[in-house]
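Engineer: Counting the sequence shown from 1 gives a position; the working numbering is that position plus 35. Can you read through this structure? Questions will come right after.
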Amino acid sequence: MFKFFKDKLKDAVSKFSKKAEEDSEEQVVEEIEEVVEEPKEAKKPEPVKEIKKPKVEDVIEKKEVKELMPKKKSFFESITEKVITKKINEEQFDELFWELELVLMENNVASEVIEKIKQDLKMDLVDQPIKRGDILNTIKDSLKKSIEDVLDFDKIDLVQKIKGSEKPFVMVFFGINGSGKTTTIAKVANKLSKSGIKCLLVAADTFRAAAIQQLEEHGKNLGLKVIKHDYGADPAAVAFDGVKSAKARGYDVVLIDTAGRQHSNENLIEEMKKIVKVVKPNMKIFVGESITGNDCIEQVKKFNSAVKIDAIVLSKSDVDEKGGTALSISFVSGKPILYFGVGQNYDDIKEFDKEYVMKNLGF
Numbered sequence: 036m037f038k039f040f041k042d043k044l045k046d047a048v049s050k051f052s053k054k055a056e057e058d059s060e061e062q063v064v065e066e067i068e069e070v071v072e073e074p075k076e077a078k079k080p081e082p083v084k085e086i087k088k089p090k091v092e093d094v095i096e097k098k099e100v101k102e103l104m105p106k107k108k109s110f111f112e113s114i115t116e117k118v119i120t121k122k123i124n125e126e127q128f129d130e131l132f133w134e135l136e137l138v139l140m141e142n143n144v145a146s147e148v149i150e151k152i153k154q155d156l157k158m159d160l161v162d163q164p165i166k167r168g169d170i171l172n173t174i175k176d177s178l179k180k181s182i183e184d185v186l187d188f189d190k191i192d193l194v195q196k197i198k199g200s201e202k203p204f205v206m207v208f209f210g211i212n213g214s215g216k217t218t219t220i221a222k223v224a225n226k227l228s229k230s231g232i233k234c235l236l237v238a239a240d241t242f243r244a245a246a247i248q249q250l251e252e253h254g255k256n257l258g259l260k261v262i263k264h265d266y267g268a269d270p271a272a273v274a275f276d277g278v279k280s281a282k283a284r285g286y287d288v289v290l291i292d293t294a295g296r297q298h299s300n301e302n303l304i305e306e307m308k309k310i311v312k313v314v315k316p317n318m319k320i321f322v323g324e325s326i327t328g329n330d331c332i333e334q335v336k337k338f339n340s341a342v343k344i345d346a347i348v349l350s351k352s353d354v355d356e357k358g359g360t361a362l363s364i365s366f367v368s369g370k371p372i373l374y375f376g377v378g379q380n381y382d383d384i385k386e387f388d389k390e391y392v393m394k395n396l397g398f
């Protein structure tokens, strides 16, 4: 997971620090050379003049001026300070960051996140004295802190949320075609069932007969009941019947599958709004493919604008070598990642864990 991004990021940080070390060392040499001066010819002593006794007022005034003057550093102190500390100016930083920025863009990191990382690093590095040999660690620490901030959002414990809510707890899943939505629903239902939560599946994707069959197959494999209507039925009506059935039969949670839709298809977006209006779900979950990068981020923006998404599931995260979507999507959308899909089996779903993401990024 995120291997390509991890390797590229490590390489970019190493190059960043090495170049910064070289640039700052050159400045140090110049500063040292400026301190060294050619010996000057000794001046002949001037004739001794008559010494006048200073007035008391003059002595006091000179003493006050002397106290205000900063203490002059010795030659050794001045040289030592220049040798062991380095500074990167803003122009140098912009040049150094460029390669790191390219790596972030190449790995699908959103522009908003790149800008945050840049500003965080700039604050920690530009015009800041850094000890010789500490530049690499300083850059790593600054980058790690910035990424941790990006991933700092409230984590949802879905099991506890459901157990603490009025029954049935209604969840509707949205996403574009082929995002792995139906499989994700089966994985979530499996996870909840293992926690003692009674689940009901609802096949409200009536645009594809295969979608109804697919959810039925998952239900059969997991031993879960599926509410369905015929192909072409009103999706909102199917969803409503599912919630009604759950109330009558004492189910804890209802998981509603919907048709995959492009965010540009206004008719399907309106249908999505209708489903939400009819069943009033407790959670509206967007399912997106981690491997689609910035497309996934744009999709969640559009879906959120239409129905106010509550959480995100990133499918196919196990084959995402880049990782920019996982790093960016919550920061940009303001919505937490609920789960990562990490394989084809029902158990291959992982709760969001910041430390897990950081580890996969090499921190």
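Glycine included, C-beta positions come from ideal geometry on N, C-alpha and C.
1) Could I get the ranges of all uninterrupted alpha helix (DSSP H) runs contained in the segment 135-197, with 4 residues as the minimum, in chain order?
2) Check each candidate in 214, 314, 258 and 150 and name the one with the smallest Cα separation from residue 225.
3) Can you grab the Cα-Cα spacing for the pair residue 147 / residue 367, in whole Å?
4) Just how far apart, CA to CA, sit residue 484 and residue 316?
5) Can you pull the DSSP bridge partners for residue 352?
6) Taking 7 Å as the limit between beta carbons, can you name the residues of its chain near residue 102, skipping five residues before and five after?
7) Using only CA atoms, which one of 287, 52 and 346 lies nearest to residue 227?
8) Out of 379, 382, 381 and 372, which one is the CA nearest neighbour of residue 391?
9) Who pairs with residue 347 in a beta bridge, going by DSSP?
10) Beta-carbon separation of residue 357 and residue 37 under 8 Å?
11) Tell me whether the beta-carbon of residue 235 lies closer than 8 Å to the beta-carbon of residue 280.
12) Where residue 311 and residue 370 are concerned, what is the direct C-alpha to C-alpha distance, given to the nearest angstrom?
13) What is the DSSP secondary structure of residue 211, reduced to helix, strand or coil?
14) Is it the case that the Cβ atoms of residue 307 and residue 188 are separated by a distance below 8 Å?
15) Please classify residue 128: does DSSP put it in a helix, a strand, or coil?
16) Taking C-beta to C-beta, are residue 395 and residue 41 nearer than 8 Å?
17) Are residue 324 and residue 282 close, meaning C-beta to C-beta below 8 Å?
18) Between which two residues does the beta strand (DSSP E) harbouring residue 326 extend?
19) Along the chain, where does the beta strand (DSSP E) containing residue 288 start, and where does it finish?
20) Which word fits residue 203, buried or exposed, when buried means at least 16 other C-beta atoms lie within 10 angstroms of its C-beta?
21) Considering only residues of the segment 222-272, which uninterrupted beta strand (DSSP E) runs meet the minimum length of 3 residues and lie entirely inside it, listed in chain order?
22) If you reduce the DSSP assignment to three classes, tell me which class residue 40 lands in.
23) I need the straight-line Cα distance from residue 335 to residue 273, nearest angstrom please.
24) Does residue 270 pass the burial test, meaning 16 or more other C-beta atoms within 10 Å, or should it be called exposed?
25) Let's test the definition: count the other Cβ atoms within 10 Å of the Cβ of residue 318 and tell me whether it reaches 16, buried, or not, exposed.
26) If we ignore side chains and look at the alpha-carbon of each, how far apart do residue 45 and residue 397 end up?
27) In whole angstroms, what separates the C-alpha of residue 213 from that of residue 297?
28) List the DSSP bridge partners of residue 307.
29) Do you know how far the Cα of residue 243 is from the Cα of residue 294?
30) Run through DSSP, which three-state label would residue 54 get?
31) From the DSSP output, in three-state form, read off residue 205 for me.
Structural biologist: Put simply:
1) DSSP runs (the alpha helix (DSSP H)) wholly in the segment 135-197: 146-160 and 170-185.
2) Taking the first residue of the sequence shown as position 1, residue 225 is located at position 190. With distances taken between CA atoms, residue 225 lies nearest to 258 out of 214, 314, 258 and 150.
3) In the sequence shown, residue 147 corresponds to position 112, counting from 1. In the sequence shown, residue 367 corresponds to position 332, counting from 1. Using only the alpha carbons, I get a separation of about 7 Å.
4) Absent from the model: residue 484. The displayed extent of the chain is 36 to 398, so no value can be given.
5) The residue given as residue 352 occupies position 317 in the sequence shown. Paired residue(s): none; residue 352 is not in a bridge.
6) Taking the sequence shown and counting its residues from 1, the one referred to as residue 102 is at position 67. With a pLDDT of only 49 at residue 102, under the threshold of 50, the placement of this residue in the model should not be trusted; the figure read from the coordinates follows. Excluding sequence neighbours, residue 102 sits near nothing in its chain.
7) Walking along the sequence shown from the start, residue 227 turns up at place 192. Ranking the options by Cα distance to residue 227, first place goes to 287.
8) For this step, residue 391 is matched to residue 356 along the sequence shown. Nearest option by C-alpha distance: 372.
9) Here the question's residue 347 lines up with position 312 in the sequence shown. Bridge partners of residue 347 according to DSSP: 321 and 372.
10) Numbered from 1 along the sequence shown, position 322 holds the residue referred to as residue 357. Numbered from 1 along the sequence shown, position 2 holds the residue referred to as residue 37. Cβ distance < 8 Å, so residue 357 and residue 37 count as in contact.
11) For the purposes of this step, residue 235 is taken as the residue at position 200 of the sequence shown. For the purposes of this step, residue 280 is taken as the residue at position 245 of the sequence shown. Contact: yes.
12) Taking the sequence shown and counting its residues from 1, one reaches residue 311 at position 276. Taking the sequence shown and counting its residues from 1, one reaches residue 370 at position 335. Each residue's alpha carbon lies about 18 Å from the other.
13) As a first step, residue 211 must be located in the sequence shown, where it is residue number 176. Residue 211 falls in the coil class under three-state DSSP.
14) Mapped onto the sequence shown, residue 307 falls at position 272. Mapped onto the sequence shown, residue 188 falls at position 153. No; because the gap between Cβ atoms is not below 8 Å, this pair is not in contact.
15) Along the sequence shown, one-based indexing puts residue 128 at 93. DSSP, reduced to helix, strand and coil, places residue 128 within a helical segment of the structure shown.
16) Counting from one through the sequence shown, the residue named residue 395 turns up at place 360. Counting from one through the sequence shown, the residue named residue 41 turns up at place 6. At a Cβ-Cβ threshold of 8 Å, residue 395 and residue 41 count as neighbours.
17) By 1-based counting over the sequence shown, the position of residue 324 is 289. By 1-based counting over the sequence shown, the position of residue 282 is 247. No. Outside cutoff.
18) Position 291 of the sequence shown, counting from 1, holds the residue named residue 326. Neither: residue 326 is in no beta strand (DSSP E) and is coded neither H nor E.
19) As a working mapping, residue 288 is identified with position 253 in the sequence shown. That run of the beta strand (DSSP E) goes 288-292.
20) Position 168 of the sequence shown, counted from the first residue, corresponds to residue 203. Result: buried.
21) Whole beta strand (DSSP E) segments, 3+ residues: 234-238 and 260-262.
22) Here residue 40 is taken as the residue at index 5 of the sequence shown, counted from 1. Residue 40: helix per DSSP, three-state reduction.
23) Translated into positions along the sequence shown, residue 335 becomes position 300. Translated into positions along the sequence shown, residue 273 becomes position 238. Distance from the CA atom of residue 335 to the CA atom of residue 273, rounded to whole angstroms, is 24 Å.
24) Here residue 270 is taken as the residue at index 235 of the sequence shown, counted from 1. Residue 270 comes out buried.
25) If you number the sequence shown from 1, residue 318 lands on position 283. Buried, since its Cβ has 16 or more Cβ neighbours within 10 Å.
26) Position 10 of the sequence shown holds residue 45. Position 362 of the sequence shown holds residue 397. It is roughly 7 Å from the alpha-carbon of residue 45 to the alpha-carbon of residue 397.
27) What you label residue 213 is simply residue 178 of the sequence shown in a count that begins at 1. What you label residue 297 is simply residue 262 of the sequence shown in a count that begins at 1. Cα atoms of residue 213 and residue 297: separation of roughly 11 Å, rounded to the nearest angstrom.
28) In the sequence shown, the residue the question calls residue 307 occupies position 272. Its beta-bridge partners do not exist; DSSP assigns none.
29) In the sequence shown, residue 294 corresponds to position 259, counting from 1. In the sequence shown, residue 243 corresponds to position 208, counting from 1. Going by C-alpha positions, residue 294 is about 8 Å away from residue 243.
30) As a first step, residue 54 is located in the sequence shown; it is residue number 19 there, counting from the start. Collapsing the DSSP output to three states places residue 54 in a helix.
31) For the purposes of this step, residue 205 is taken as the residue at position 170 of the sequence shown. DSSP, read as helix, strand or coil, puts residue 205 in strand.
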